[in-house]
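Below: one structure, written as structure tokens.
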Amino acid sequence: MNFPGGVFDSDIIVVGGGVAGLSVALGARGKKVTLLSKVPVTPQGAGGSSVWAQGGVAAAVGADDSPALHAEDTLAAGAGLSVPRVVRVLTEEGPERVFELIALGAEFDRADDGGLALGREAAHSKRRVLHASGDATGAEIVRSLMAAVQATPRIGVVGSVEVVDLALDGAPGAGDVRGVVGVSETGERQLYRAPAVVLATGGLGHLYAHTTNPPENTGDGLAIAARAGARLVDLEFVQFHPTALASGIDPMPLLTEALRGEGAVLVDDRGDRFMVAEHELAELAPRDIVARAIWRKKEGGQQVFLDAREAVGESFPQRFPTVFSLCQAQGLDPRRELMPVSPATHFHMGGIATDIRGRTSLGGLWACGEVASTGAHGANRLASNSLLEGLVYGARVALDIDSCGGAAELADCEDSQCAGSAATPGPTLAAEEEDAKIQELRKLMWKEAGLVRSAAGLERANKGLKRLGWWVNSASPRLRNLHTVAQLVSQAASQRLESRGGHFRSDFPFPDPAWKRRLFVALEDGVLQEAPAWPESSPALAATSGEAAR
Ligand code: SIN
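Quick note on the working numbering: the sequence shown kicks off at 15 and runs consecutively.
What follows is the structure in structure tokens.
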């Protein structure tokens, strides 16, 4: 295969410019890094969910807190599927990563005494969530990391490159990763070669009709790793945020959980505060419970609103400036008006299976951030643990690649060897037609493989995806990747015959102890197959006993 856009060599290729990708690039001291981003790069960031993160970063830095307590809360949220060792690493290394960020210039909100202001969010037993400018935490973290990256000459940041495939030196599932195939802004194919490739491409929110994620979150890293035969895990676990602003725009503006943390309440259109009857923690019950309660109300024809008039009121612009301006843009004044809400896809707990160094089952490939599934989040992520995971596991990936010494030679990539794991046809579907197919796919996933699933619904999803599959080979990477990821999520959801965390089956509404295990899978000849655990040394579920995972 030819690469008219050029062939470029580095020590490390990082795909994705969110918190995880930037952390890898900065941490890989002494290595020539090329960081590729699908969107244009600015001092404010390089796309993805990190910049949009309103909720903060959780870390056990308070005097009454400890990594062990943070780990306990994380394990409880994970509904039995979090891997204790992975969680321990997250919570023990978290505070140090946060102090490094502060040293780098990240400005977190301070209390009156000058110490870090620590917020409490749902399912956290202590105040341990750091914020910046109230609800602009992700933007501040990315700003500080990006400033450091741009001041580091060994790191080259290239925007507007769409990575369409991994370059393998063998068959999918067997070959090592030697680089990535990209398409430049001008549509030319490029080959980026390196002995170490890191996928930090973020999540898959746009697989669903309703999402809080930025448009670039189309599951690209997951799709290309799947096609290359990487081991994947926990794909069925998608987290739906209960309170996205239902104002008819896509993506939906997020109304941070911190609002409920500050006392904002959910009411239906009769003014009934229905969460009180649903759960002892009312609005601060686990996300999946709140999201499904809202879903049921809406399915019953009611509207649901978040009421922050009393809890936040006049201080809204100061305390929640991001949410305030998002509401204003929709002609809503949350100081005086109710905010209509709907659940929306927010985070994917599943992804490319990684070990605690961020290694994947493919040689030469690491993954971190939302595209990876370290096992920290289990079946349901604890709020504000995702930025932390990006920081901690991004740093670990950098350390691991460093410890390999970069000894591997750059692959002798003959064009034919590095053609990528799948050919990528040029887009021949007209843009509007393709967009219509994408919207069809997103609606199908929302309806049949969303918050409430069943065998019949998942069967309809699979049939619909087969119909759409006809178009995929003539489509752009966006539709191709969304289609791959839709198949992965819906097939994994069909396999798990229970309800747990973010995965709810109306035909199997309770957790089943027999299913207290992680579901590892791989694509073989385009079909999702159950696969051995990765890493092999750890049992499929290292969550049943803390010791088992050590
Ligand atoms: C939020 O602010 O509600 C989202 C935080 C998170 O998802 O961790």
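Even for Gly, the Cβ is constructed at its ideal location relative to N, Cα and C.
For residue i, three-class secondary structure by DSSP
| i | result |
| --- | --- |
| residue 548 | coil |
| residue 55 | coil |
| residue 206 | strand |
| residue 349 | coil |
| residue 445 | helix |
| residue 199 | coil |
| residue 417 | helix |
| residue 360 | strand |
| residue 284 | coil |
| residue 319 | strand |
| residue 27 | strand |
| residue 424 | In this predicted model, residue 424 has a pLDDT of only 46, less than 50, meaning its place in the structure is not dependable; the value taken from the coordinates is given anyway. Residue 424 falls in the coil class under three-state DSSP. |
| residue 17 | coil |
| residue 478 | helix |
| residue 378 | coil |
| residue 218 | coil |
| residue 22 | strand |
| residue 33 | helix |
| residue 49 | strand |
| residue 588 | The structure shown does not extend to residue 588, since the chain is modelled only from 15 to 564, so the question has no answer here. |
| residue 467 | strand |
| residue 90 | helix |
| residue 42 | coil |
| residue 408 | helix |
Residues near residue i in its chain [Cβ-Cβ closer than 6 Å; skip 5 each side]
| i | result |
| --- | --- |
| residue 565 | Residue 565 is absent from the model: the chain starts at 15 and stops at 564. |
| residue 234 | 215, 495 |
| residue 352 | 319, 321 |
| residue 250 | 506, 507, 510, 517 |
| residue 124 | 131 |
| residue 499 | 218, 221, 233, 236, 237 |
Proximity below 8 Å, CB of residue i to CB of residue j
| i | j | result |
| --- | --- | --- |
| residue 516 | residue 393 | yes |
| residue 535 | residue 545 | yes |
| residue 372 | residue 414 | yes |
| residue 102 | residue 85 | yes |
| residue 336 | residue 509 | no |
| residue 416 | residue 208 | no |
| residue 178 | residue 197 | yes |
| residue 91 | residue 395 | yes |
| residue 2 | residue 367 | In the structure as shown, the chain begins at 15 and stops at 564. Residue 2 is therefore absent and cannot be evaluated. |
| residue 273 | residue 344 | no |
| residue 456 | residue 223 | yes |
| residue 312 | residue 356 | yes |
| residue 412 | residue 38 | yes |
| residue 390 | residue 115 | no |
| residue 341 | residue 348 | yes |
| residue 12 | residue 325 | Only positions 15 to 564 of the chain appear in this structure, which leaves residue 12 out of reach. |
| residue 533 | residue 501 | no |
| residue 252 | residue 362 | yes |
| residue 206 | residue 338 | no |
Close beta carbons around residue i, own chain, < 7 Å, minus the five adjacent residues each side
| i | result |
| --- | --- |
| residue 76 | 132, 140, 141, 142 |
| residue 421 | Low local confidence applies: a pLDDT of 40 at residue 421 is under 50, so the model's placement there is unreliable, with the coordinate-based value given in what follows. Counting only Cβ-Cβ distances below 7 Å, and skipping sequence neighbours, we find nothing. |
| residue 73 | 108, 109, 112, 142, 144, 402 |
| residue 228 | 61, 62, 63, 66, 265 |
| residue 472 | 462, 463, 504, 507, 508 |
| residue 540 | none |
| residue 567 | Since the first residue of the chain shown is 15 and the last is 564, residue 567 is not available in this structure. |
| residue 497 | 455, 479, 482, 483, 486 |
Spatial neighbours of residue i in its chain, beta-carbon cut-off 8 Å, leaving aside the 5 residues before and after
| i | result |
| --- | --- |
| residue 154 | 120, 121, 122, 146, 147 |
| residue 168 | 44, 45, 46, 47 |
| residue 80 | 74 |
| residue 57 | 157, 160, 161, 164 |
Anticipated Cβ contact below 8 Å, residue i with residue j, distance rounded
| i | j | result |
| --- | --- | --- |
| residue 443 | residue 475 | Actually they are not in contact, since the Cβ atoms of residue 443 and residue 475 sit about 21 Å apart, beyond 8 Å. |
| residue 34 | residue 383 | 3 Å |
| residue 194 | residue 29 | 6 Å |
| residue 370 | residue 100 | 6 Å |
| residue 52 | residue 199 | That pair is no contact at about 10 Å. |
| residue 398 | residue 135 | 6 Å |
| residue 289 | residue 226 | Not really, about 20 Å apart at Cβ, beyond 8 Å. |
| residue 149 | residue 270 | 5 Å |
| residue 295 | residue 171 | The Cβ separation is near 43 Å, so there is no contact. |
| residue 302 | residue 254 | 7 Å |
| residue 360 | residue 219 | 7 Å |
| residue 256 | residue 305 | 4 Å |
| residue 243 | residue 376 | 7 Å |
- Whole runs of the alpha helix (DSSP H) within the stretch 108 to 188, excluding any shorter than 4 residues: Whole alpha helix (DSSP H) segments, 4+ residues: 151 to 164.
- Kindly provide the ranges of any alpha helix (DSSP H) runs that are 4 or more residues long and lie completely inside the stretch 486 to 548, ordered along the chain. Runs found: 491 to 509.
- Enumerated in chain order, which unbroken segments of the beta strand (DSSP E) with a length of 3 residues or greater are wholly contained in the stretch 245 to 271? Within the stretch 245 to 271, the runs of beta strand (DSSP E) that reach at least 3 residues and sit entirely inside it are, in chain order, 252 to 259.
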